[in-house]
Amino acid sequence: MTNIYSTQGLTKVYGEGRSAVHALRGVDLEIPQGEIVVLLGPSGSGKSTLLNILGGLDRSTEGTAFFQDQNLTEMTDAQQTRYRRDHVGFVFQFYNLMPSLTAYENVELVTEIAENPMGPAQALALVNLRERVDHFPAQLSGGEQQRVAIARAVAKQPNVLFCDEPTGALDSKTGRAVLHVLKDINEKLGATVLIITHAAATAGMADRVIHFADGNIVEVIENKTKLTPEEIEW
Amino acid sequence: MVSPLNRKLLRDLWRMNGQAIAIGLVIAMGVMMLVMMTGLVTSLDETRRAYYERYRLAEVFAPVTRAPERLIAKLAKIPGVGQADGRVIGSALIDLSGRELPVQSQVVSLPDQGEPRLNDIYLTDGRKLNGTRADEILLLQSFAQAHGLRPGDELRATMNGARRTLRIVGLAQSPEFLYTTAPGELVPDDGRFGVIWMNRSALAAAYDMRGAFNEAVLSLGRNANNVAVMAEVDRILDPYGGLGAYGLEDQASNRFVSEEINGLRVQSIGVPPIFLAVAAFLLYIVVTRIVQAEREEIGLMKAFGYTNIEVGSHYFKLVLAIAIGGAFVGSLMGIAAGRALIDVYTGYFKFPFLIFRLDPFSFVIGLLVSVLSASAGGVLVLRRVFSLTPAAAMRPPTPPDFSRIGRVGGTLIRLLDQPSRMILRQLVRQPVRSLGAMIGIASGMALSASMLTIFAGFERTIDLTFGVMDRSDVMVSFTHAASETTIFELQRLPGVIEVEPVRIVPVIFRSGLHSHRGAVNGLIESPRLNRAIDRDIQTIPMRGDGIILASALADILHITAGETLTVEVREGRQPVLDIPVVGIAKSMLGSPAYMELSALNRALREPNRVSGAYLRVDAAHGDAVYSALKDMPTVAGVSLKSQARGAVQKVMDEGSGSIRYVMGAIAFVITFGIVYNAARIAYAERARDLASLRVIGYTRSEAAFVLLGELAVVTLIALPVGAGLGYYLSFGIAAGFSTELYQIPADFNPASYGFAASAVITAALVSGGMVKRDMDRTELVLALKTRE
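Taken in sequence, the protein lines are chains A and B.
According to the numbering used here, the residues represented by the first sequence are 549 to 782, in order.
According to the numbering used here, the residues represented by the second sequence are 120 to 907, in order.
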């Protein structure tokens, strides 16, 4: 199977001199296409930094990171934008929806600019949101908002979906539903899904679990048998 | 040890330094204007007072035909009179070689020995007069400078019909002659009217005044009754041809200086509050939005156990720091600007020294207005924030509810792409906020547009006066009211195209308690070269049955058409006439009154008299006409319209009116400050949304569109609103700039509004650019973590 991402000696240092913080200390990593990958680790272990660099939101200090055959570390700002627009979907802990747009319009926000998007209605159907699509974020529950955010992220038919604590602000029932959606998308669209989480149990549904500590990978585990979201202990 | 909360305060201030500076600057501009203007007026008043006092300027002037010297002792005994002095004055024509026309001048006597009791002079160059030399003179410094004359030079002059050669031994300034005005003109011009000081004995010989005087000057005691003193002076001098005593307030030079200082005073009262109000309003809006943005932190502090009062005073301090900082900087700038302007005006007013005084009251007002407006903004928002529980305030960004706007503009919105919908909904969803930003920018537009209207008003005053009302090329004034045959003589001069007679009669107008020293212009029935015009710029035909007043004069006298005006003529037999007011004319320059020429002559019982004429001259024969005029014995003065126009322009550009440029600049700084603040705040509020847009693949420009598009819409709505506000504002400011000398119309002119609009748009573009630059620099990851 081809790798969607591969990094070599990926390093990220914030600040300089004595106050420098080493967020990543030479990460070597390969992520095969189409997998669900869970990144686990304590706060400050570097998992968010890695996700930001792979997602084209941040730049590394040293080392290389490839998306398929594109070198992320050499991209210009415009190329990064293009890359995010065409290939990457993001889901955040606090949803980051546009409050002034309805659920449907939030998805349209992406379908308007993407190269080969699915229809907003289809994307919302994927996350099981059919009824309340004309509502504004303030009228939706947390779980509904997160599903809109996922619909928005997948509507462009991305190659990869980055999820930073996607269930962090949700209760167990809603959280499970969201994980279910992520699993569906992985299966139906073939998108690689990278999930950052504190909840170790989430790792049960992953193809691959990467443990982070102190700016580096300490362990990579491939799951032989994956759990369904319903089977995960919350 | 600084408490943590105060340290937070300092860091918050540092974090928002750009915005704090922008707000502080707007406040500073309002305060600066106030401090500068009041300081300027206070200093000029004080300097003038000190100058008059040091050089013992008389407070009553009593011209008389010829009175024996012994009367001075009698005048000095009038109750209330401090000092009395008699002197000889006369008019002379100075013949300047190289100059086509002789220049009118006044000759004033100085005692042969010692200093004058009143109206002393300040020698700037050369030496004092030698009491034994009859041909020595001192010359008014400003006149000498205008013609490059120096001590040691000779001057040819015609005095009382005799040609004399005089030797300049020194140059002098005098509080009595800060300004000199050529005859028949309103506006002073240094080069076209001279003042010569000579020994009393020499001057008495020249004007047949040995043992006599033709002007008494008096100073008054502290509690003197001016009116009673002048009445007594008139009674004593009447048998000797007294021409009526008048006070310092009617003395030509002082009147002009007072007008100019009063102009500044009116502006200092009228204009800074407008600027300060706009600044205060902006501060209020900004503070409201800053505190709103701190919602989460307020919740956090309350969760820690801080009371509402403690949290409130923390933010109150933040607001106060900006307001007081702005007021402080504004005060310093006001002092510096006032100081610089006073130097300029001291030169303009020809004060030999200056006394710099500040009005402490202006600091207090400036500080109070800034603090109060900032506090009002803070208090109102804090009340709303305090009503939240800590948990609610701290809850992670609850998206603002946009549902209320529902399906605003259903079909319209379907035509828009999502970013445009965001812009539209943000505007509609928070109407108060959008309205605040819009009114802020509109105020900037209004300030700029009205200041530009004032600029154009100055131009228009000059254009209407010298292009529409006065269409002559030359105004000729005669030595005395001459017969109408003089007009025919002028008509016969080769090169003269058109001649129009005029009779100007000095008078005192009285209406009830109001009076004004001025002149009546007798014009022909349908004048073509010098006209009175109405509000619609149409010629007002002269009428034989009454007098037409310029609106400025009607205002001074509190009189309207249909009422009767008392006119005390100050010439010839000095009759007192009751004349009905039959019309009001638009006034631009001065406050003239008009009558039909023959009706005026009839009223004076002096038929067929003219005191001057307006001429239209073939440009090719200009020189020939001027030299012919020079040889006519009846011609006392000739003034070219171009010179008169230049003199008016100079007064407007260097006198009190010149402050309009400073105010205009301040208006633009405030406008920019407002627009920049609006952009900054909008960015602060949207930073997170914008970062989200960037993350999902929007380019920088596309993301910036959402922010700057909102600013653009607000700005575009603000422009017409501001234009409307500016229209009304300009009347207030125009009134502030109008003096007795000239009126500034606030006529609507599209160019001012167009220019103001481009200034606002430029400010918006620059502000947008600055904010976009900040946006581009922001790291996406950090922006996502930005507090809502």
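Just so it is clear, CB atoms sit at the ideal spot from N, CA and C, and this is done for glycine as well.
These numbers come from a predicted model, not from an experiment.
Check your understanding: Between which two residues does the beta strand (DSSP E) containing GLU687 (chain B) stretch?
Key -> Indexing the second sequence from 1 puts residue 687 (chain B) at position 568. Counting along the chain, the beta strand (DSSP E) containing GLU687 (chain B) begins and ends at 683-688.
Practice item. Whole angstroms is fine: what's the gap from LEU830 (chain B)'s alpha carbon to PHE710 (chain A)'s? Key: Here residue 830 (chain B) is taken as the residue at index 711 of the second sequence, counted from 1. Here residue 710 (chain A) is taken as the residue at index 162 of the first sequence, counted from 1. For LEU830 (chain B) and PHE710 (chain A), the distance between alpha carbons rounds to 33 Å.
Practice item. Return the CA-CA distance between ASN734 (chain A) and MET646 (chain A), expressed in angstroms with no decimal places. Key: Counting from 1 along the first sequence, the entry for residue 734 (chain A) is found at position 186. Counting from 1 along the first sequence, the entry for residue 646 (chain A) is found at position 98. Distance between the alpha carbons of ASN734 (chain A) and MET646 (chain A) is about 25 Å.
Point to revise | Identity of the residues DSSP links to ILE393 (chain B) by a beta bridge | key: Along the second sequence, one-based indexing puts residue 393 (chain B) at 274. Looking at the DSSP assignment, ILE393 (chain B) forms no beta bridge with any residue, so it has no partner.
Exercise for review: Kindly confirm or deny that the stretch 666-683 of chain B and the stretch 744-752 of chain B touch, where touching means at least three C-beta pairs closer than 8 Å.
Suggested key: no
Check your understanding: Contact check, GLY665 (chain B) vs PRO613 (chain B) under 8 Å by CB: the rounded distance?
Key -> The residue labelled residue 665 (chain B) in the question sits at position 546 within the second sequence. The residue labelled residue 613 (chain B) in the question sits at position 494 within the second sequence. That pair is no contact at about 39 Å.
Exercise for review: Give a yes or no on whether the minimum CB-CB distance between ILE815 (chain B) and chain A is below 8 Å.
Suggested key: Stepping through the second sequence from its first residue, residue 815 (chain B) is reached at position 696. With 8 Å as the cut-off, ILE815 (chain B) counts as an interface residue toward chain A.
Practice item. Within its chain, find whatever has a CB closer than 6 Å to the CB of GLU617 (chain B); leave out the 5 residues flanking it on each side and keep chain order. Key: Counted from its first residue, the second sequence places residue 617 (chain B) at position 498. Within the same chain, GLU617 (chain B) has close Cβ partners ARG735.
Check your understanding: Looking at the C-beta of LEU477 (chain B), does it have a partner C-beta in chain A at a distance below 8 Å?
Key -> Residue 477 (chain B) sits at position 358 when you count from the first residue of the second sequence. No, no contact with chain A.
Check your understanding: Going along chain A in order, which residues have a C-beta closer than 8 Å to the C-beta of ASP893 (chain B)?
Key -> Translated into positions along the second sequence, residue 893 (chain B) becomes position 774. Neighbours of ASP893 (chain B) on chain A: none; closest Cβ ~15 Å, over 8 Å.
Review point. For ASP536 (chain B), which residues in chain A fall below 7 Å Cβ to Cβ?
Key: In the second sequence, residue 536 (chain B) corresponds to position 417, counting from 1. Those are GLU660, listed as they occur along chain A.
**Study point:** Proximal residues, the stretch 448-462 of chain B versus chain A, C-beta separation under 9 Å
**Key:** none
Exercise for review: Anything in chain A within Cβ reach of VAL900 (chain B), meaning under 9 Å, just list it in chain order.
Suggested key: Here residue 900 (chain B) is taken as the residue at index 781 of the second sequence, counted from 1. Simply SER596, THR597, ASN600, LEU605, ASP606.
Check your understanding: Alpha carbon to alpha carbon, what distance is there between GLY201 (chain B) and ASP478 (chain B)?
Key -> Locating residue 478 (chain B) in the second sequence gives position 359, counting from the first residue. Locating residue 201 (chain B) in the second sequence gives position 82, counting from the first residue. Within the model, the alpha-carbon separation for ASP478 (chain B) versus GLY201 (chain B) is close to 31 Å.
Exercise for review: Count the other C-beta atoms from every protein chain shown that fall within 10 angstroms of the C-beta of PHE472 (chain B), then say buried if there are 16 or more, exposed otherwise.
Suggested key: Along the second sequence, read from residue 1 onward, the residue named residue 472 (chain B) stands at position 353. Result: exposed.
Exercise for review: Compare the C-beta of LEU657 (chain A) against all C-beta atoms of chain B and say whether one is closer than 8 Å.
Suggested key: Within the first sequence, numbered from 1, the residue matching residue 657 (chain A) stands at position 109. Output row for LEU657 (chain A): interface = yes.
**Study point:** For MET889 (chain B): DSSP bridge partner residues
**Key:** Working through the second sequence from its first residue, we reach residue 889 (chain B) at position 770. In the DSSP output, where bridge partners are listed per residue, MET889 (chain B) has none listed.
Practice item. Enumerate in chain order the residues of its own chain whose CB-to-CB distance from ARG813 (chain B) is below 8 Å, with the five nearest sequence positions on each side excluded. Key: Here residue 813 (chain B) corresponds to residue number 694 of the second sequence, with the count starting at 1. Excluding residues within five positions, the ones whose Cβ falls inside 8 Å are ARG819, ALA822, LEU899, ALA902.
Review point. Quick one: what's ALA203 (chain B) bridged to in DSSP?
Key: Here residue 203 (chain B) refers to the residue found at position 84 when the second sequence is read from its first residue. ALA203 (chain B) is bridged to B:LEU337.
Point to revise | Interface residues of chain A facing THR897 (chain B) [CB-CB closer than 7 Å] | key: Taking the first residue of the second sequence as position 1, residue 897 (chain B) is located at position 778. Chain A residues near THR897 (chain B): none, gap ~12 Å exceeds 7 Å.
Review point. Helix, strand or coil: which one does DSSP assign to ASP895 (chain B)?
Key: Translated into the one-based positions of the second sequence, residue 895 (chain B) becomes position 776. In the three-state scheme derived from DSSP, where H, G and I count as helix and E and B as strand, ASP895 (chain B) is classed as helix.
Practice item. Could you tell me whether the stretch 163-171 of chain B touches the stretch 341-353 of chain B, where touching means 3 or more Cβ pairs closer than 8 Å? Key: no
**Study point:** For GLU688 (chain B), the nearest candidate out of B:GLN225, B:MET152, B:LEU129, B:LEU362 (CA to CA)
**Key:** Taking the first residue of the second sequence as 1, we reach residue 688 (chain B) at position 569. The sequence shown places Val at residue 688 (chain B), not Glu. The option with the nearest alpha carbon to VAL688 (chain B) is B:LEU362.
Check your understanding: Using a C-beta to C-beta distance shorter than 8 Å, which residues of chain A count as neighbours of GLN545 (chain B)?
Key -> In the second sequence, the residue the question calls residue 545 (chain B) occupies position 426. In chain order: SER648.
Exercise for review: Identify the contact partners of GLU788 (chain A) in chain B, using a Cβ-Cβ distance below 8 Å as the criterion.
Suggested key: Only positions 549 to 782 of chain A appear in the structure, and residue 788 (chain A) is not among them; the question remains open.
Exercise for review: Reducing DSSP to helix, strand and coil, say where ASN707 (chain A) ends up.
Suggested key: Here residue 707 (chain A) corresponds to residue number 159 of the first sequence, with the count starting at 1. Coil, per DSSP.
Review point. Between LEU460 (chain B) and the ligand HEM, is the CB less than 7 Å from at least one heavy atom?
Key: With respect to the ligand HEM, the structure shown offers nothing to examine, as it has no ligands at all.
**Study point:** Beta-carbon spacing of ALA870 (chain B), GLY845 (chain B) below 8 Å
**Key:** In the second sequence, counting from the first residue as 1, residue 870 (chain B) sits at position 751. In the second sequence, counting from the first residue as 1, residue 845 (chain B) sits at position 726. By the CB criterion at 8 Å, ALA870 (chain B) and GLY845 (chain B) fall outside the cutoff.
Review point. With a CB to CB cut of under 6 Å and the five nearest residues on each side skipped, what residues in its chain are close to ALA766 (chain B)?
Key: As a working mapping, residue 766 (chain B) is identified with position 647 in the second sequence. Cβ neighbours of ALA766 (chain B) beyond the five flanking positions: VAL306, ASP308.
**Study point:** With 16 other Cβ atoms within 10 Å as the buried cut-off, status of SER689 (chain A)
**Key:** By one-based count along the first sequence, residue 689 (chain A) stands at place 141. The residue is exposed, with fewer than 16 neighbouring Cβ atoms inside 10 Å.
Review point. So what does DSSP say about TYR643 (chain A), is it helix, strand or coil?
Key: Position 95 of the first sequence holds residue 643 (chain A). In this structure, TYR643 (chain A) counts as coil in the three-state DSSP scheme.
Check your understanding: Mind pulling the chain B residues with CB within less than 7 Å of PHE638 (chain A)?
Key -> Start at 1 with the first residue of the first sequence, and residue 638 (chain A) comes out as number 90. The contacting residues are VAL814, ILE815.
Review point. For GLY360 (chain B) versus LEU290 (chain B), is the C-beta distance shorter than 8 Å?
Key: Numbered from its first residue, the second sequence carries residue 360 (chain B) at position 241. Numbered from its first residue, the second sequence carries residue 290 (chain B) at position 171. Not closer than 8 Å, so no.
Practice item. Could you tell me if LYS704 (chain A) is buried or exposed, where buried requires 16 or more neighbouring beta carbons within 10 angstroms of its beta carbon? Key: In the first sequence, the residue the question calls residue 704 (chain A) occupies position 156. Per the 10 Å Cβ criterion, buried.
**Study point:** Own chain residues within Cβ distance below 6 Å of MET541 (chain B), not counting five before or after
**Key:** To locate residue 541 (chain B), count along the second sequence from 1; it is residue 422. Hits under 6 Å: VAL825.
Check your understanding: Can you tell me whether DSSP reads PRO516 (chain B) as helix, strand or coil?
Key -> As a first step, residue 516 (chain B) is located in the second sequence; it is residue number 397 there, counting from the start. Confidence in PRO516 (chain B) is poor, its pLDDT being 48 and thus under 50, which makes the residue's placement unreliable; the coordinate value appears in the next sentence. Looking at PRO516 (chain B) - three-state DSSP - the assignment turns out to be coil, as it is neither helix nor strand.
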